[in-house]
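Working notes for the structure below.
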Amino acid sequence: MQPVVLVTGASSGIGSALCKRLLREDAGVRLCLACRSMQKAAATKAVLLAAHPAAQVTLVRLDVSSLESVLRAAGEIQCRKAVHMLSTAEGLITQEDCITADGLQSVFETNLFGHFILIRQLEPLLCCLEKPSLLIWTSSSNARKSAFSLTDYQHSKGKEPYSSSKYASDLASVALNKHFNKQGLYSSVVCPGLVMTNLTYGILPSFFWKLLMPIMWIIRFFTKTYTLTPYNGAEAQVWLFKQKPESLDALMKYHSCTSPMGKNYVESRKVDVEEETAEIFYQKLLELEKYVLARLNAPLSPK
Ligand SMILES: NC(=O)c1ccc[n+]([C@@H]2O[C@H](COP(=O)([O-])OP(=O)(O)OC[C@H]3O[C@@H](n4cnc5c(N)ncnc54)[C@H](OP(=O)(O)O)[C@@H]3O)[C@@H](O)[C@H]2O)c1
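Counting from -17, one number per residue, gives the positions in the sequence shown under the numbering used here.
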């Protein structure tokens, strides 16, 4: 069976580049683009089909900051019978967090918890011993332990919601490996490096980044994580796609790197995570899941 890959945040930046690169690696791969805007998703699909007319690309509407949307999307994906790789490429980078309609911190829900619920709902598809599946969290080098607290894991009181949510995804990945490797689901975290996307244009206007570009090319001689383009930034995800999930180290973060001459490669570095903390956080996520799903009258995991 051809691999089925679900990519969230596929409508732009690294997610969109990942889809293009996966089709280049294997034109038979079946892609499912999970996006909140169907218009943008259709535009991405059109670009993919223009280069690979025979490609199998489906769309699903998914807003990870809405649990109702996550449950609906999970139901739709369940009907498609298989998922071999799930890559997250959503990112809300803001220092001014807010509360979603679900009553959760927006950055926490968008960058972590919406995906956690999606994964739990897709467990029957993702957990397959005969054909192990791979979950890839697009984390960041900005995932800082100092920004995260187990007593305020949604980061409602702090000033670094993005760093906290990315560290939370590193923790969740470690815990998911502990609980699901025996069932055929393997989780990894990647860092795409510094990439020019809508996310970075949200920090500084694009013209400013363009002005800085010559300096950044020079910095690349010293800093391999200045990957700069979404194509380069997706290197670690593409590399993972080619690995056997069972062969990956649960405690590593895979970094996309680009040499001064523009050659892409992947470097693995140990995550700054204690397994005990990961487990406590995982139990807290399960408690929160129980609470929010009960409120929505939804089952914990569809069988
Ligand atoms: N760019 C960097 O330098 C960098 C560095 C480290 C890590 N990262 C991580 O890389 C990932 C991809 O980011 P990017 O740089 O490619 O940014 P991007 O171009 O802004 O892409 C973000 C994607 O997430 C989608 N998205 C945002 N909120 C969503 C929601 N509530 N529900 C569904 N989709 C949502 C966006 O959809 P719309 O098109 O509808 O907005 C878009 O497709 C993120 O996890 C980010 O944290 C990026």
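Each residue gets a CB set at the ideal place from its N, CA and C atoms; glycine is no exception.
Query raised in the report: Between R43 and ligand 1, is the CB less than 6 Å from at least one heavy atom?
Result: Position 61 of the sequence shown, counting from 1, holds the residue named residue 43. It does not: the Cβ of R43 is nowhere closer than 6 Å to a heavy atom of ligand 1.
Please state whether the Cβ-Cβ distance between S121 and D152 is less than 7 Å. In the sequence shown, residue 121 corresponds to position 139, counting from 1. In the sequence shown, residue 152 corresponds to position 170, counting from 1. Yes, the Cβ-Cβ distance between S121 and D152 is below 7 Å.
Next item on the list: For I59, verify whether its CB is less than 6 Å away from any heavy atom of ligand 1.
Entry: Residue mapping note: residue 59 aligns to position 77 of the sequence shown, counting from 1. I59: no, Cβ never under 6 Å from ligand 1.
Task: Proximity below 7 Å, CB of H66 to CB of S115 - done: Within the sequence shown, residue 66 is the residue found at index 84, counting from 1. Within the sequence shown, residue 115 is the residue found at index 133, counting from 1. Yes, the pair counts as a contact, with Cβ atoms nearer than the cut-off.
Quiz item: Mind checking C61: buried by the 16 CB within 10 Å criterion, or exposed?
Solution: Locating residue 61 in the sequence shown gives position 79, counting from the first residue. By the 10 Å Cβ count, C61 comes out exposed.
Tell me the residue span of the beta strand (DSSP E) that contains V42.
Here residue 42 is taken as the residue at index 60 of the sequence shown, counted from 1. Bounds of the beta strand (DSSP E) holding V42 are Q38 to R43.
* Does the Cβ of T207 lie closer than 6 Å to at least one heavy atom of ligand 1? -> One-based indexing of the sequence shown puts residue 207 at position 225. Checking the Cβ of T207 against ligand 1 gives no.
field: DSSP state of I75 mapped onto helix, strand, coil
entry: Numbered from its first residue, the sequence shown carries residue 75 at position 93. Residue state, collapsed to three classes: coil.
Validate contact between the stretch 3 to 17 and the stretch 27 to 39 using beta carbons, cut 8 Å, 3 pairs:
In short, these stretches touch, since the Cβ pair count reaches three.
Quick check on D254: buried or exposed, where buried means 16 or more other Cβ atoms within 10 Å of its Cβ? In the sequence shown, residue 254 corresponds to position 272, counting from 1. That one is exposed.
Tell me which residues share the same chain as W119 and place their Cβ nearer than 6 Å to its Cβ, disregarding the 5 neighbours each side in the sequence. Looking up residue 119 in the sequence shown gives position 137. Closer than 6 Å at Cβ, skipping near neighbours: T70, S151, S155 and V171.
Original post:
If you drop the 5 nearest sequence neighbours on each side, which residues of the same chain put their C-beta closer than 7 Å to that of T259?
Top reply: Taking the sequence shown and counting its residues from 1, one reaches residue 259 at position 277. Cβ neighbours of T259 beyond the five flanking positions: L132 and L153.
(message) At a threshold of 6 Å, does A216 count as lining ligand 1 (C-beta to nearest heavy atom)?
(response) Locating residue 216 in the sequence shown gives position 234, where the first residue counts as 1. The answer is no for A216.
| said: When you compare the CB positions of V52 and T92, do they come within less than 7 Å of one another, or not? | reply: The residue you call residue 52 lines up with position 70 of the sequence shown. The residue you call residue 92 lines up with position 110 of the sequence shown. Cβ distance not < 7 Å, so V52 and T92 don't count as in contact.
Have a look at the DSSP bridge pairing and note the partners of C14. Reading the sequence shown from its first residue, position 32 is the one you call residue 14. Paired residue(s): L(-12) and T40.
message = Whether or not the stretch -3 to 4 and the stretch 205 to 222 are in contact is what I'm after, with contact meaning three or more pairs of Cβ atoms, one per stretch, closer than 8 Å; do they touch?
response = yes
Classify C239 as buried or exposed, calling it buried when 16 or more other Cβ atoms lie within 10 Å of its own Cβ. The residue given as residue 239 occupies position 257 in the sequence shown. Result: buried.
Quiz prompt | Opening and closing residue of the beta strand (DSSP E) in which H237 lies | solution = Numbered from 1 along the sequence shown, position 255 holds the residue referred to as residue 237. Here the beta strand (DSSP E) through H237 covers M234 to T240.
Using DSSP bridges, identify the partner residues of I59. Taking the sequence shown and counting its residues from 1, the one referred to as residue 59 is at position 77. Under DSSP, I59 forms no beta bridge with any residue.
Hey, how far is the Cα of Q136 from the Cα of L100? Residue 136 sits at position 154 when you count from the first residue of the sequence shown. Residue 100 sits at position 118 when you count from the first residue of the sequence shown. Those two C-alpha atoms are separated by around 18 Å.
What residue ranges within the stretch 193 to 260 form continuous alpha helix (DSSP H) runs of no fewer than 4 residues, ordered along the chain? Within the stretch 193 to 260, the complete alpha helix (DSSP H) runs of at least 4 residues are 212 to 215 and 217 to 223.
Practice item. Measure the CB-CB distance between P174 and I(-4) and report whether it falls below 7 Å. Key: Counting from one through the sequence shown, the residue named residue 174 turns up at place 192. Counting from one through the sequence shown, the residue named residue -4 turns up at place 14. Contact: yes.
Give, in chain order, every unbroken run of the beta strand (DSSP E) that is at least 3 residues long and sits entirely within the stretch 124 to 190. Fully enclosed beta strand (DSSP E) runs of 3 or longer: 167 to 173.
Could you check whether the Cβ of S88 sits closer than 6 Å to any heavy atom belonging to ligand 1? The residue given as residue 88 occupies position 106 in the sequence shown. Not so, every heavy atom of ligand 1 lies at least 6 Å from the Cβ.
### Message
So, with DSSP's three-state summary, where would you put T70?
### Response
Reading the sequence shown from its first residue, position 88 is the one you call residue 70. Here T70 sits in coil by DSSP.
ask   = Y236: which of K252, L194 and Q87 sits nearest, CA to CA?
value = Position 254 of the sequence shown, counted from the start, is the residue given in the question as residue 236. Of the candidates K252, L194 and Q87, the residue whose Cα lies closest to the Cα of Y236 is K252.
Report task. Find out if the Cβ-Cβ distance for the pair L31, L68 is shorter than 7 Å. Result -> On the sequence shown, residue 31 is found 49 positions in, with the first residue counted as 1. On the sequence shown, residue 68 is found 86 positions in, with the first residue counted as 1. No, Cβ-Cβ distance for L31 and L68 is not below 7 Å.
- prompt: In whole angstroms, what separates the C-alpha of T26 from that of S229?
  reply: Position 44 of the sequence shown, counting from 1, holds the residue named residue 26. Position 247 of the sequence shown, counting from 1, holds the residue named residue 229. Approximately 32 Å, taken between the alpha carbons.
- Message: Quick check: what's the CA-CA separation for H97 versus T179?
- Response: Position 115 of the sequence shown holds residue 97. Position 197 of the sequence shown holds residue 179. Cα to Cα, H97 sits roughly 21 Å from T179.
Take L104 as the anchor and find which of L167, I75 and D231 has the nearest alpha-carbon. As a working mapping, residue 104 is identified with position 122 in the sequence shown. Among L167, I75 and D231, the Cα nearest to that of L104 belongs to L167.
I need the straight-line Cα distance from P212 to I185, nearest angstrom please. Position 230 of the sequence shown, counted from the first residue, corresponds to residue 212. Position 203 of the sequence shown, counted from the first residue, corresponds to residue 185. Cα to Cα, the separation comes out at about 17 Å.
- Task: Note down, in chain order, each residue of its chain lying with its Cβ closer than 7 Å to the Cβ of F130, except the 5 sequence neighbours on either side.
- Result: As a first step, residue 130 is located in the sequence shown; it is residue number 148 there, counting from the start. Excluding residues within five positions, the ones whose Cβ falls inside 7 Å are S146, Y149 and A150.
> With respect to 6 Å, is the separation between the Cβ of P143 and the closest non-hydrogen atom of ligand 1 below this value?
Replying inline: On the sequence shown, residue 143 is found 161 positions in, with the first residue counted as 1. P143: no, Cβ never under 6 Å from ligand 1.
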